[in-house]
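**Q**
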Ligand code: IPE
Ligand code: IPE
Ligand code: MG
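Numbering (our numbering), first residue to last: 944 to 1197.
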């Protein structure tokens, strides 16, 4: 995979100048329905979804997104048939095996968010290895949410804070944020969900408190660079008030 910016794309990007979301989070949904529509097994949808992910990571670099967080396996996905769960584990392992060298070369820093406990130890080891190998890269931070749940994340944060003996008066929005898996990272500016579902499904529930949301009917395997660009364009038209009035925002920008 090449994540090099093609000069021919530059004019395409002019309208995004200054309005590119720094942190984009994606709920990659619709693999199963993509396969079903074609009379294929769900596994084919997951495979195609993985192919698509390669392209979207590349597009994120091209569009100058700094942090991309992808939802790959939720704490609720354990409720799926055992065979599908095993397949999703195997896909994670395969992606690491196939893509790590190239992602590393292209400056992608891989991080895992979620719990490694419960994941097959061989796969978990590869995840840790992938994170260590790419830790010094700075071009794009890629957070892979695998065995991730937003409520679970908050539970772990609170447990850790209590273990550290943090005094009640020191519990703040900042200290909670710092104890989440996303610790040092800014909150997502834009959350995208494919496949026409309008819910967060336990994804970044704390961090997305003020994110812009973008929902599309396009199924994840079909969500290409153009679809991604459309989401970023839509983001660029949004007014983020953070509780303030338009008049205040106008004064601030003068
Ligand atoms: C998203 O696609 C991938 C994961 C949740 C792992 P789905 O597998 O949820 O696809 P649909 O929703 O059944 O179409
Ligand atoms: C959310 O998709 C989880 C991922 C994309 C990994 P699901 O397809 O599992 O969500 P629900 O169950 O429809 O809410
Ligand atoms: Mg789904």
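We treat Cβ as the ideally placed atom computed from N, Cα and C, and that holds for glycine.
Treat the numbers as computed from the prediction; the structure is a model and nothing was measured.
Out of 1139, 1026, 1145 and 1104, point me to the one whose CA is closest to residue 1159's CA.
**A** 1139
**Q** Classify residue 1021 as buried or exposed, calling it buried when 16 or more other Cβ atoms lie within 10 Å of its own Cβ.
**A** exposed
**Q** Would you kindly work out how many angstroms separate the C-alpha atoms of residue 968 and residue 1136, rounded to a whole number?
**A** Approximately 9 Å, taken between the alpha carbons.
**Q** Quick one, what's near ligand 1 if you take every residue whose CB is closer than 7 Å to any heavy atom, in chain order?
**A** Cβ atoms closer than 7 Å to ligand 1 belong to 971, 972, 973, 974, 975, 976, 977, 985, 988, 989, 992, 1015, 1016, 1017, 1020, 1031, 1138, 1162 and 1163.
**Q** Does residue 966 pass the burial test, meaning 16 or more other C-beta atoms within 10 Å, or should it be called exposed?
**A** Counting other Cβ atoms within 10 Å of its Cβ, residue 966 reaches 16 or more and is therefore classed as buried.
**Q** Is residue 1186 buried or exposed, if buried means 16 or more other CB atoms sit within 10 Å of its CB?
**A** exposed
**Q** Is residue 1151 near ligand 2, in the sense that its beta carbon is under 6 Å from a heavy atom of that ligand?
**A** no
**Q** Inspect the CB distances between the segment 1042 to 1058 and the segment 1077 to 1097 and report whether three or more fall short of 8 Å.
**A** These segments touch.
**Q** Give me whichever residues DSSP pairs with residue 1012 in a beta bridge.
**A** 968 and 1086
**Q** Identify the residues that DSSP records as bridge partners of residue 1017: which are they?
**A** 1091
**Q** Any idea if residue 1108 is buried or exposed, counting beta-carbon neighbours within 10 angstroms, 16 or more meaning buried?
**A** exposed
**Q** Rounded to whole angstroms, what is the Cα-Cα separation between residue 1012 and residue 1089?
**A** 11 Å
**Q** Can a CB atom of chain D be found closer than 7 Å to the CB of residue 1107?
**A** No chain D appears in this structure, which consists of one protein chain only.
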